[in-house]
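Read through the structure below, which is laid out as structure tokens, and then see the notes.
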Ligand code: XLS
Ligand code: CA
Ligand code: CA
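In the numbering used here, the protein residues as written are -18 to 423.
See the structure below:
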């Protein structure tokens, strides 16, 4: 088989003092952190679309990236070469998982039947490559946003024919995901949202979205797909107001339509910050609501108000994310998918490797810090103490279902002369503590 990245060999763990850029400083797949190995805890995945299909175009400039397979004219041959290159990359990086949209891997045909035939052919090749490179599918999904038919949305399009087309596309994508043994299937809202309420029936669109998801649940069941179904929140882009704004919106939507038993959330760091939340907040909110399913690991730029999908490098962020993941008891069957792209200025093949290396190292390091934090229980202990009054007399009373406002008023009246004593939240101390865990982790 042709080698697509001949200048780059297998990326090895060399330790934190290594000066070799093409090596891992922290990600040591076999190393045990807490209850299992780093690779089992982190479950890293490459995003096919950013790393092998997209080519660095932005609204102001043309493509800047040309990989060897991009030079092949015939679309099916290009798709084959792209698949071979993608698996060579995963093998060299030691990535155990990948994620893809139907349209990332195979070109569309003239009709749905032709499109599906193309997809089946490339999926057969991918099946072989997965076996050869010992890589698994973290999740599959359908691209319901790129084709002009989806201009007004897919499941929330005002045109029922578009709804039907999107359904047929998801049906196939679910089947392909099952065929490849995918652990999850993702629904990111794409163009499910609106730009102006002046032309939008918001109630009908939400009902339609729920109907669409219910049919997906039924089809998954029908074909025996046992993977986890995930909804990926994002507040804006491409629409002004995406329906799956954040985890809280998703939770309310699922409850309203009685779908909460069937879905979890795929949380993307950059989408959290676009929604005005910390990544940490979204993970914690999801965990508390039993919705933490999987993670799209990237980071945004706080000075840019759009979805920049950069490789994660902020170890403060990865530490807190890993801390939530540990508290969740891990992410499986979800994982950490690098929904991240190299900058369009970083157009060389080695940049693709360097991007994943820094992302994997940042999470591996974060995991090591988070494990120490968790083992020592310093943050948990502080929080436990902070809420200790809820384990005292009045706290117990509040929990008692027989207690009402009158009981509490009575309690306050009895204590009238005693001022309530508050304690410091010690945020500065705790941030200093976090810093010392970060700076003393090897
Ligand atoms: C776009 C989303 C998308 C989903 C998969 O912002 O992140 O890439 O992850 O459709
Ligand atoms: Ca994503
Ligand atoms: Ca994104």
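Cβ coordinates follow ideal geometry from the N, Cα and C atoms, glycine included. Since we're looking at a predicted model, the values are computed, not measured.
_Assuming residue 158 is part of the alpha helix (DSSP H), what are its boundary residues?_
141 to 160 is the span of the alpha helix (DSSP H), which, as asked, contains residue 158.
*In three-state terms, what does DSSP make of residue 116?*
The answer is coil: DSSP assigns residue 116 none of H, G, I, E or B.
*Heavy atom of ligand 1 less than 6 Å from the Cβ of residue 158, yes or no?*
Residue 158: no, Cβ never under 6 Å from ligand 1.
*Going by beta carbon distance, what residues of the same chain come within less than 8 Å of residue 213, once the five residues before and after it are set aside?*
For residue 213, where only same-chain residues beyond five positions count, the Cβ hits under 8 Å are 167, 168, 169, 170, 225, 246, 247, 248, 249, 252 and 277.
*By how many angstroms is the C-alpha of residue 305 removed from the C-alpha of residue 271?*
Residue 271 and residue 305: Cα-Cα distance of roughly 12 Å.
*asked:* Helix, strand or coil for residue 121? Go by DSSP, reduced to three states.
replied: It is a strand residue.
*For residue 357, name the three-state secondary structure that DSSP assigns.*
Of the three classes helix, strand and coil, the one that applies to residue 357 here is helix, per DSSP.
_Which residues end up in the neighbourhood of ligand 2 when you take C-beta atoms closer than 5 Å to any of its heavy atoms?_
Going by the Cβ distance cut-off, the answer is 249, 277 and 320.
*Going by DSSP, name the residue or residues bridged to residue 28.*
DSSP, once it has assigned bridges, lists 80 as partnering residue 28.
*Using only the heavy atoms of ligand 3, determine whether one of them is closer than 6 Å to the beta carbon of residue 295.*
Exclusion of residue 295 from the 6 Å shell around ligand 3 follows from its C-beta lying no nearer than that to any non-hydrogen atom of the ligand.
*residue 329: beta carbon under 6 Å from a heavy atom of ligand 1?*
Flag unset: Cβ of residue 329 not near ligand 1.
*Take the Cβ of residue 177 as the centre, count every other Cβ of all protein chains shown within 10 Å, and call the residue buried at 16 or more, exposed below.*
By the neighbour-count rule (16 or more Cβ atoms within 10 Å), residue 177 is not buried but exposed.
*Evaluate residue 368 with the Cβ neighbour count: other Cβ atoms within 10 Å of its Cβ, from every protein chain shown; 16 or more gives buried, anything less gives exposed.*
Per the 10 Å Cβ criterion, exposed.
*Can you have a look at residue 140 and say buried or exposed, based on whether 16 or more other CB atoms are within 10 angstroms of its CB?*
With fewer than 16 neighbouring CB atoms inside 10 Å of its own CB, residue 140 falls in the exposed class.
*Just checking my contact of residue 344 with residue 303 at CB under 8 Å: how many whole Å lie between their CB atoms?*
Right, their Cβ atoms sit about 7 Å apart.
_Let me check you understand the geometry: is the CB of residue 270 closer than 6 Å to at least one non-hydrogen atom of ligand 3?_
Checking every heavy atom of ligand 3 against the Cβ of residue 270, none is found closer than 6 Å.
_Are there any heavy atoms of ligand 5 lying less than 6 Å away from the beta-carbon of residue 251, as far as the coordinates show?_
Annotation note on ligand 5: not contained in the displayed structure, which lists ligand 1, ligand 2 and ligand 3 as its ligands.
_In chain order, each beta strand (DSSP E) run of at least 3 residues that lies wholly inside the region 35 to 90_ = 78 to 82, all fully within the region 35 to 90.
*Could you tell me the distance, in whole angstroms, from the CA atom of residue 111 to the CA atom of residue 331?*
Going by the C-alpha atoms only, they are around 23 Å apart.
*Would you call the CB atoms of residue 184 and residue 223 closer than 7 Å?*
No, these two residues do not count as a Cβ contact at 7 Å.
_Please report the distance separating the alpha-carbon of residue 429 from that of residue 23._
Nothing about residue 429 can be reported from this structure: the residues present for the chain run from -18 to 423 only.
*residue -4 to residue 349, Cα distance in whole Å?*
Their backbone Cα atoms lie some 13 Å apart in a straight line.
*Whole angstroms is fine: what's the gap from residue 116's alpha carbon to residue 384's?*
Distance between the alpha carbons of residue 116 and residue 384 is about 56 Å.
_Please tell me whether, using a cut-off of 6 Å, the distance from the CB of residue 120 to the nearest non-hydrogen atom of ligand 1 is below it._
Relative to ligand 1, even the nearest heavy atom lies 6 Å or more away from the CB of residue 120.
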